[in-house]
Amino acid sequence: MSVIERLSALVGPDHCLHAAGDIAPYLVEERGLFRGRALAVVRPGRTEEAARVVGLCAAEGLAVVPQGGNTGLCGGGVPPEHGRAVVVSTERLTRIRRVDPVDFSLTAEAGCVLADVQQAAAEAGCLFPLSLGAEGSCRIGGNLSTNAGGTAVLRYGNARDLVLGLEVVLPDGRIWSGLRTLRKDNTGYDLKQLFIGAEGTLGLITAAVLKLFPQPREAATALVALPGPQQATDLLFRARQASGDAVTACELIPRIGLDLDLAHLPGCRDPFARPHPWYLLLELSSSRPGGLRAALEAVLADALESGLAADAVLAESEGQRAALWRLREGIPEAQKKEGGSIKHDVAVPTSRVPELIRRATAAVEAELPGVRVVAFGHLGDGNIHFNLTQPVGADRRAFLDRWGEMNRIVHDIVVAMDGSIAAEHGIGRLKAGELARTADPVELDLMRRLKAALDPAGVMNPGKILG
0 MSVIERLSAL VGPDHCLHAA GDIAPYLVEE RGLFRGRALA VVRPGRTEEA
50 ARVVGLCAAE GLAVVPQGGN TGLCGGGVPP EHGRAVVVST ERLTRIRRVD
100 PVDFSLTAEA GCVLADVQQA AAEAGCLFPL SLGAEGSCRI GGNLSTNAGG
150 TAVLRYGNAR DLVLGLEVVL PDGRIWSGLR TLRKDNTGYD LKQLFIGAEG
200 TLGLITAAVL KLFPQPREAA TALVALPGPQ QATDLLFRAR QASGDAVTAC
250 ELIPRIGLDL DLAHLPGCRD PFARPHPWYL LLELSSSRPG GLRAALEAVL
300 ADALESGLAA DAVLAESEGQ RAALWRLREG IPEAQKKEGG SIKHDVAVPT
350 SRVPELIRRA TAAVEAELPG VRVVAFGHLG DGNIHFNLTQ PVGADRRAFL
400 DRWGEMNRIV HDIVVAMDGS IAAEHGIGRL KAGELARTAD PVELDLMRRL
450 KAALDPAGVM NPGKILG
């Protein structure tokens, strides 16, 4: 039998796709930066099927490319161009195996859509706090494989902080069942952390035990107008101190970001009577109702009186809260309508975010006059999306051709500030060269040794992270 026939026998012919039209959506990443080729797209329905598929691919010398919702932004789920690869989609691994509100844990298969995991937790009176723009289509296995961040990292941590246990298909087809719900376990190496953030290069995550939290019973949300990023970091400090560290989200928005929203997103409006250079979206939440709004009002009143802030609006309803959040979450969508955009997903210590924005803005503007810097994002954890929108009237292709040049300028500043060139989107193919260029040689050596030890044949997701 051919490889296609053998794969079909493992998962059923309806779930081994090989016609060009059927597999086309699985071969390109969201922004169209990378397009690969594959012999087939296989959709196992159980972990045991996934293990047999990986084992067969290993025996045949075929690359295995794990793929969830294919919403990644670095090409981590796209197969290589040589075509001797099988995409293993987790879209049929969608069971919520268990929800335990006493343990505050939920066991989900890797293909569960993030929004469905959130809903399952909510139905049990709990919260799964991972939240990001693609939560209606991204899948939890991909979230863990890229160590996704999102808007609540300040309070709850990255994806790796939300995992108690994993189930993983190893490169040789064996299954490691580490679905423990333990909060304390010091029996040797913490193996699950090897696979979180590894982007499928060390194994295929098929299920995970996730941490849950008490459901928030009260939230207070405000958009604050500020002179600059330094005032934003000062306001964050005051808000954390005054609220008992109840700040859940802290999102920085530049005026240009708000202008793009107003120009391109129907229904958006400026909450303020006049424009301001910068804005900070602050949200506090607590599982114990009462007192949060008063605490936020007191912080804002003090900031306004001292001149730290220029103006502020507080959400009076869920609709107003959603409108404020749309101003933040709509920026990437609005940027697309302005032409080419060169992305930087970087992080520095929160206290150094103002310095990063100042230095990197000056550097890229000196190199490319007219470039429009749109620096926004998760101020609370130091993760800034330092995006560059093409100059007005510029040629889009010519601008995007300078992607590597702009990356080097920004990433060199970030590394010099002890920061990260990949805060939450991962490395994938997009940043593999930059990782090799900027990472500590010892770190790279350790990564390569791990890869060689767990995947000596190079079966799992080749070309990603380490190139």
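In this text, residue positions in the sequence shown follow numbering that gives the first Met the number 0: the first is 0, and each later residue adds one. Beta carbons: idealized from backbone N, C-alpha and C, even for Gly.
Taken in chain order, the unbroken stretches of beta strand (DSSP E) that lie wholly in the segment 51 to 81 and span 3 residues or more are 62 to 66. Going by DSSP, Val223 is part of the beta strand (DSSP E) stretching over Glu217 to Leu225.
In the DSSP annotation of this structure, Thr89 is not part of any alpha helix (DSSP H), being labelled neither H nor E. Taking the C-beta atoms as reference points, Leu303 is found no nearer than 8 Å to Ala294. Three or more beta-carbon pairs separated by less than 8 Å are not found between the segment 319 to 338 and the segment 287 to 301, which leaves the two stretches without contact. Excluding residues up to 5 positions away in sequence, Ala107, Ala109, Cys111, Leu113, Val116 and Ala207 lie with their Cβ nearer than 7 Å to the Cβ of Ile139 in the same chain. Judged by beta-carbon spacing, Thr145 lies beyond the 8 Å limit of Gly31, meaning their Cβ atoms are not closer than that value.
Shown here, Val347 sits in coil according to DSSP, grouped into three states, outside any helix or strand.
Apart from the 5 residues on each side of it in sequence, Thr150 sits with its Cβ closer than 6 Å to the Cβ of Ser130 and Ala248 in its chain, given in chain order. Straight through space, the alpha carbons of Val409 and Asp269 are spaced by roughly 30 Å. Secondary structure note for Thr360: its alpha helix (DSSP H) is the uninterrupted segment Val352 to Glu366. With a cut-off of 8 Å on Cβ pairs, the segment 213 to 233 is in contact with the segment 274 to 289, counting three or more such pairs. Ranked by Cα distance from Arg83, the options Ala39, Val53, Phe385 and Leu105 are led by Ala39. A residue is called buried once 16 or more other Cβ atoms fall within 10 Å of its Cβ, and Leu190, having fewer, is exposed. Contact between Glu404 and Ile420 fails: their C-beta atoms lie close to 15 Å from each other, not under 8 Å. Collapsing the DSSP output to three states places Ile252 in a strand. Counting the other CB atoms within 10 Å of its CB gives Phe236 a total below 16, which places it among the exposed residues. The shortest C-alpha to C-alpha distance from Tyr278 to any of Leu323, Glu296, Gln319 and Val246 is the one to Leu323. Per DSSP, the beta-bridge partners of His377 are Glu250 and Asn382. Counting the other CB atoms within 10 Å of its CB gives Gln230 a total of 16 or more, which places it among the buried residues.
Contact annotation, Val458 with Ala57: C-beta distance approximately 5 Å; criterion of less than 8 Å satisfied. The way I'd put it, the segment 378 to 385 does touch the segment 344 to 356; three or more beta-carbon pairs between them come closer than 8 Å. The secondary-structure analysis by DSSP pairs Tyr278 across a beta bridge with Ala224 and Ile252.
For Asn406, the number of other beta carbons within 10 angstroms of its own is at least 16, and it is reported as buried.
For Lys463, same chain residues with a beta-carbon under 8 Å away, outside a window of 5 residues either side, are Gly74, Gly75, Glu198, Gly199, Thr200, Ile426, Gly427, Arg428 and Ala431 in chain order.
Taking the Cα positions, Gly369 is about 41 Å away from Arg447. With the rule of 3 Cβ pairs closer than 8 Å, the segment 151 to 159 counts as touching the segment 238 to 257. Under the criterion of beta carbons closer than 8 Å, Val27 and Val41 do not qualify as touching, at roughly 18 Å. Comparing alpha-carbon positions, the option among Gly339, His424, Gly376 and Leu445 lying closest to Asp394 turns out to be Gly339. In this structure, Gly227 lies near Pro276, with their beta-carbon atoms less than 8 Å apart. In this structure Val223 does not touch Leu126 by the C-beta definition: roughly 25 Å separates them, more than the 8 Å allowed. Distance from Val77 to Phe33 at the Cβ level is roughly 5 Å; contact confirmed, criterion being Cβ atoms closer than 8 Å. Within the same chain, Cβ atoms closer than 7 Å to the Cβ of Gly124 are found at Pro100 and Gln214, the five residues on either side in sequence being excluded.
Within the segment 110 to 176, the complete beta strand (DSSP E) segments of 3 residues or longer fall at 162 to 168, listed in chain order. Excluding five sequence positions before and after Val363, the CB atoms of its chain that fall closer than 8 Å to its own CB belong to Val370, Val372, Leu387, Met405, Ile408 and Val409, given in chain order.
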